Amino acid sequence: MIAGPDGTIVHGRLYAKGPYQVGSGDAFLGGLVTALDRAAPWFDAIALALGAATANAEMPGAGRLDPVLAAELAARADLSSA
30 MIAGPDGTIV
40 HGRLYAKGPY
50 QVGSGDAFLG
60 GLVTALDRAA
70 PWFDAIALAL
80 GAATANAEMP
90 GAGRLDPVLA
100 AELAARADLS
110 SA
């Protein structure tokens, strides 16, 4: 769950899990900032953040991810607002 700039609460889930979670929070933030820097809408930015975090968890080593996999995972993210 994350609050958007307008106060909207967004729930996000990605039905994938990797065995290497170390660094996934940093990858989430990196994906979010990257998407926002590209002027992506808020929901798309959260989806990319989830994709980046999950892609990070797929590879050993913190902060390592395949950007193509991150984008593919972002496309599968399940987002809703409360």
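Per the working numbering, residue 30 is the first one in the sequence shown, and the count goes up by one each step. For every residue, glycine included, the Cβ atom is placed at its ideal position computed from N, Cα and C. Treat the numbers as computed from the prediction; the structure is a model and nothing was measured.
Put simply, of 80, 105 and 40 the residue whose alpha carbon is nearest the alpha carbon of residue 63 is 80. With a threshold of 16 other beta carbon atoms within 10 Å, residue 83 meets it and is buried. Inter-residue distance for residue 36 and residue 98 is about 30 Å (C-alpha atoms, whole angstroms).
Note on geometry: alpha-carbon atoms of residue 38 and residue 110 lie some 6 Å from one another. By the Cβ-count criterion, residue 68 is exposed, with fewer than 16 other Cβ atoms from all chains shown falling within 10 Å of its own Cβ. C-alpha of residue 59 to C-alpha of residue 104: approximately 17 Å in a straight line. For residue 108, the enclosing beta strand (DSSP E) starts and ends at 107 to 110.
CA-CA distance, residue 92 to residue 108, rounds to 24 Å.
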